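Written below as structure tokens is the structure these notes are about.
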Amino acid sequence: MTTGNPGPTSGPVRSEFADDAEMTELVQMFVDELPERISQLNEAWNSADCQRLEHIAHQLKGASAGYGFSVVGEAAAQLEESVRQAEDNLSAATRQFDELVDLCRRATM
Amino acid sequence: MQQQEQQPVLLLIDDSPSIHRLLGFKLKNEGLDFLAAFSGDEGLELAKSNQPSLILLDLNMPIMDGFETLHALKDDPETIEIPVIVLSGTTKPEEKVKAFELGAMDFVCKPFDIHELRVRINSAIRISRLMRMLELRAQIDGLTGLWNRAHFNERMGTELEAAQRGESEIALALCDLDKFKNLNDTFGHPAGDAVLQGFAAVLNAELRSYDIACRYGGEEFAIILPDTNLEQARSVCERVRVKISERVWPNYPKLSATASFGLTHIGADGRTDASAFVDAADTALYAAKEGGRNQVKVYSELPEAGDGPAKLALAS
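First to last, the protein sequences are chains A and B. In our numbering, each residue carries its 1-based index in the first sequence increased by 32. In our numbering, each residue carries its 1-based index in the second sequence increased by 27.
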């Protein structure tokens, strides 16, 4: 769905399970925790803690799709990969970092 | 041996709370009980203390990663039999190969499709249940439901060692149904089978929960009596002897069955090995047959006991 199509670059990113009444509460919990994730990401980024950054990205990659946010999961996978390749030069991963943070901010029920 | 079918217990070892919540929700109708561990260490502890039916193990965890955890699980006799499905965010073949080499039963990539994970969980639980059943079946006698000779051979050694290490007493009885061939010839083989099953039923009813009853051969049975002195062992055998002789056989009103018992025992500081112990019980059983059947004979009370292979046992 998202391949080749960057999708809208602003506006809310809705969970694919937004219409699944059973999932609502669970997805909402996940969304509610995203600001905490964002601040963890920022913290790791600002202190150039590659390991931590890679780990948070890895967790987001594993969980996001399960809550209906596969675009977030894909962005997280890209950040994880680019941090791994960037080694100590984090600036090479700036675009991926910004994109993930942006998507996390826009994620909503 | 009388295990009840309980709800399978699933242990999830993953450092991400989001995954715990998601799986708990998606698998809530699968009839599983959940255990949650957020690190490898915690997972190992829970696996040991709770003996879950299945472990879902995340590979990428800080401090102790999934491979280390898997290695530790498969290195410990207490957890080695628990099936493990590895969950991983990477799709690299070499990671999968490593996981299987370390003893994983299956491998699922994250983000996972919940339907796929569900069927893999059920399949892993089914396979491991069948494996355990096969293992158990191989040690159970089909006709009587008692332990079989293979189990006896293994168990006699371990029980004897445990008794000698812990300086406790132990007894062994060999019993043989009297004139079993006559009984078969007179009443037919189904009657013979009924008597074997009836004898097993008497053993199950009369033995204590920690006694180990085995079908040793055709119409021969062995009873290991751990932590038991000679008089207790003798009274257990007497009780069984009386019960089998009094038993009524509804389909064979004219049938009556008796059994002979050979008993041996070592005290808390006694020493013997399994084969000498079995020989002593066998000698006593032979004496019980010679003495007119339907009786209990004790090895140490036989006149020829001094020459027997279990001489060591008598030193105490």
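Quick reminder that beta carbons are idealized off the backbone N, C-alpha and C, glycines included. Source: prediction; values computed, not measured.
> Does the distance from the CB of Leu257(B) to the CB of Leu199(B) come in under 9 angstroms?
Replying inline: Working through the second sequence from its first residue, we reach residue 257(B) at position 230. Working through the second sequence from its first residue, we reach residue 199(B) at position 172. Result no, Cβ atoms of Leu257(B) and Leu199(B) do not sit closer than 9 angstroms.
>> Is it buried or exposed, Asp203(B), if we count other Cβ atoms within 10 angstroms and call 16 or more buried?
In response: Position 176 of the second sequence, counted from the start, is the residue given in the question as residue 203(B). Result: buried.
> Which residues of chain B have a Cβ atom closer than 7 angstroms to the Cβ of Asp97(A), listed in chain order?
Replying inline: Numbered from 1 along the first sequence, position 65 holds the residue referred to as residue 97(A). Before going further, note that residue 97(A) is Ala rather than Asp in the sequence given. The answer, in chain order, is Pro138.
> Which residue comes first and which comes last in the alpha helix (DSSP H) that contains Phe52(B)?
Replying inline: Here the question's residue 52(B) lines up with position 25 in the second sequence. Start and end: Pro44 to Lys53.
> So is Phe139(B) buried or exposed if we call it buried at 16+ other beta carbons inside 10 Å?
Replying inline: Within the second sequence, residue 139(B) is the residue found at index 112, counting from 1. Under this definition Phe139(B) is a buried residue.
> Are the C-beta of Leu58(A) and some C-beta of chain B separated by less than 9 angstroms?
Replying inline: Counting from one through the first sequence, the residue named residue 58(A) turns up at place 26. Yes, its Cβ sits closer than 9 angstroms to a Cβ of chain B.
> Can you give, in chain order, each stretch of the beta strand (DSSP E) that sits fully within the region 131 to 206 of chain B and has at least 3 residues?
Replying inline: 133 to 136 and 197 to 204
> Going along chain B in order, which residues have a C-beta closer than 9 angstroms to the C-beta of Gly100(A)?
Replying inline: The residue labelled residue 100(A) in the question sits at position 68 within the first sequence. Going along chain B, no residue has its Cβ under 9 angstroms from Gly100(A), so there is no contact; the nearest lies around 10 angstroms.
> For Leu59(B), which residues in chain A fall below 7 angstroms Cβ to Cβ?
Replying inline: For the purposes of this step, residue 59(B) is identified with residue 32 of the second sequence, where counting begins at 1. What Leu59(B) touches in chain A: nothing, since even the nearest Cβ is about 17 angstroms away.
> Lys3(B): buried (16+ other C-beta within 10 angstroms of its C-beta) or exposed?
Replying inline: Outside the displayed span of chain B (28 to 343) sits residue 3(B), for which this structure offers no information.
>> Mapping the DSSP letters down to three states, classify Leu38(B) as helix, strand or coil.
In response: Numbered from 1 along the second sequence, position 11 holds the residue referred to as residue 38(B). DSSP places Leu38(B) in strand when its eight states are reduced to three.
> For Ala118(A) and chain B, any beta-carbon pair shorter than 9 angstroms?
Replying inline: Your numbering for residue 118(A) matches position 86 in the first sequence. Chain B contact via Cβ: absent.
> Arg138(A) lies in the beta strand (DSSP E); which residues open and close that run?
Replying inline: The sequence position of residue 138(A) within the first sequence is 106, counting from 1. Here Arg138(A) belongs to no beta strand (DSSP E); instead the alpha helix (DSSP H) covers Thr126 to Arg138.
>> Residues in the same chain with beta-carbon distance under 7 angstroms from Arg147(B), minus the five sequence neighbours each way, listed in chain order, please.
In response: Indexing the second sequence from 1 puts residue 147(B) at position 120. Closer than 7 angstroms at the Cβ level, and outside the excluded window around Arg147(B), lie Ile112, Asp133 and Val135.
>> Three or more C-beta pairs under 8 angstroms: does that hold for the region 102 to 110 of chain B against the region 56 to 76 of chain B?
In response: yes
> Quick one, are the C-beta atoms of Leu114(B) and Leu86(B) less than 9 angstroms apart?
Replying inline: As a position in the second sequence, residue 114(B) is number 87, starting the count at 1. As a position in the second sequence, residue 86(B) is number 59, starting the count at 1. For Leu114(B) and Leu86(B), yes; Cβs fall inside 9 angstroms.
> Thr126(A) to Asn149(B), Cα distance in whole Å?
Replying inline: As a first step, residue 126(A) is located in the first sequence; it is residue number 94 there, counting from the start. As a first step, residue 149(B) is located in the second sequence; it is residue number 122 there, counting from the start. In a straight line, the C-alpha of Thr126(A) is about 43 angstroms away from that of Asn149(B).
> On the three-state DSSP scale, how would you describe Ile17(B)?
Replying inline: The structure shown has nothing for residue 17(B), since chain B only spans 28 to 343.
>> Here's a check: name, in chain order, each residue in its chain whose Cβ is nearer than 8 angstroms to the Cβ of Ala284(B), leaving out the five neighbours to either side.
In response: Here residue 284(B) corresponds to residue number 257 of the second sequence, with the count starting at 1. Once the five neighbours on either side are set aside, the close Cβ partners of Ala284(B) are Leu204, Asp205, Leu210, Val222, Gly225, Phe226, Ile271, Ser272, Arg274 and Trp276.
> How would you write the range of the alpha helix (DSSP H) that Pro67(A) sits in, first residue to last?
Replying inline: In the first sequence, residue 67(A) corresponds to position 35, counting from 1. Segment Thr56 to Asn78, the alpha helix (DSSP H) holding Pro67(A).
>> Please list the terminal residues of the continuous alpha helix (DSSP H) segment that includes Ser102(A).
In response: To locate residue 102(A), count along the first sequence from 1; it is residue 70. Note, Ser102(A): alpha helix (DSSP H), Ser102 to Ala118.
> Distance, Cα to Cα, Gly245(B) vs Ala228(B)?
Replying inline: Here residue 245(B) refers to the residue found at position 218 of the second sequence. Here residue 228(B) refers to the residue found at position 201 of the second sequence. Cα-Cα distance, rounded: 16 angstroms.
> Are the C-beta of Phe129(A) and some C-beta of chain B separated by less than 9 angstroms?
Replying inline: For the purposes of this step, residue 129(A) is identified with residue 97 of the first sequence, where counting begins at 1. Closer than 9 angstroms: no.
> What residues of chain B sit near Phe62(A), judged by a beta carbon separation below 7 angstroms?
Replying inline: As a working note, residue 62(A) is residue 30 in the first sequence. Neighbours of Phe62(A) on chain B, chain order: Ser45.
> Considering only residues of the region 83 to 127 of chain B, which uninterrupted beta strand (DSSP E) runs meet the minimum length of 3 residues and lie entirely inside it, listed in chain order?
Replying inline: 111 to 115
> Alpha carbon to alpha carbon, how far is Trp77(A) from Asp52(A)?
Replying inline: Here residue 77(A) is taken as the residue at index 45 of the first sequence, counted from 1. Here residue 52(A) is taken as the residue at index 20 of the first sequence, counted from 1. Using only the alpha carbons, I get a separation of about 35 angstroms.
> Using a Cβ-Cβ distance under 9 angstroms, would Asp51(A) count as near chain B?
Replying inline: Indexing the first sequence from 1 puts residue 51(A) at position 19. Closer than 9 angstroms: no.
> Excluding five sequence neighbours on each side, which residues of the same chain lie with their C-beta closer than 6 angstroms to the C-beta of Leu122(A)?
Replying inline: Walking along the first sequence from the start, residue 122(A) turns up at place 90. Taken in chain order, the residues that qualify are Ala80.
> Does DSSP put Ala295(B) in a helix, in a strand, or in coil?
Replying inline: The count along the second sequence starts at 1 and reaches residue 295(B) at position 268. Residue state, collapsed to three classes: coil.
>> Check for me: the alpha helix (DSSP H) holding Leu85(A) runs from which residue to which?
In response: Along the first sequence, one-based indexing puts residue 85(A) at 53. Cys82 to Ser96 is the span of the alpha helix (DSSP H), which, as asked, contains Leu85(A).
> Whose C-beta lies closer than 7 angstroms to the C-beta of His47(B) among residues of the same chain, with five residues either side of it excluded?
Replying inline: By one-based count along the second sequence, residue 47(B) stands at place 20. Answer for His47(B): Leu39, Asp41 and Ala63, listed in chain order.
> Since Leu173(B) contacts Ala240(B) with CB under 8 angstroms, what's their CB separation in whole angstroms?
Replying inline: As a working mapping, residue 173(B) is identified with position 146 in the second sequence. As a working mapping, residue 240(B) is identified with position 213 in the second sequence. That pair is a contact at about 5 angstroms.
> What does Ile250(B) pair with, by DSSP beta-bridge criteria?
Replying inline: For this step, residue 250(B) is matched to residue 223 along the second sequence. In the DSSP output, where bridge partners are listed per residue, Ile250(B) has Ala200(B) and Ala240(B).
>> Given this structure, state the Cα-to-Cα distance separating Arg145(B) from Leu59(B), to the nearest angstrom.
In response: For this step, residue 145(B) is matched to residue 118 along the second sequence. For this step, residue 59(B) is matched to residue 32 along the second sequence. Looking at the two C-alpha atoms, the distance is approximately 11 angstroms.
> Can you tell which of Glu181(B), Ala99(B) and Asn56(B) has its C-alpha closest to the C-alpha of Val305(B)?
Replying inline: Counted from its first residue, the second sequence places residue 305(B) at position 278. Per the Cα distances, Glu181(B).
> In angstroms, rounded to a whole number, what distance separates the CA positions of Thr35(A) and Ser102(A)?
Replying inline: What you label residue 35(A) is simply residue 3 of the first sequence in a count that begins at 1. What you label residue 102(A) is simply residue 70 of the first sequence in a count that begins at 1. Because Thr35(A) carries a pLDDT of 43, less than 50, the predicted location of this residue cannot be relied on, and no value is offered for it.
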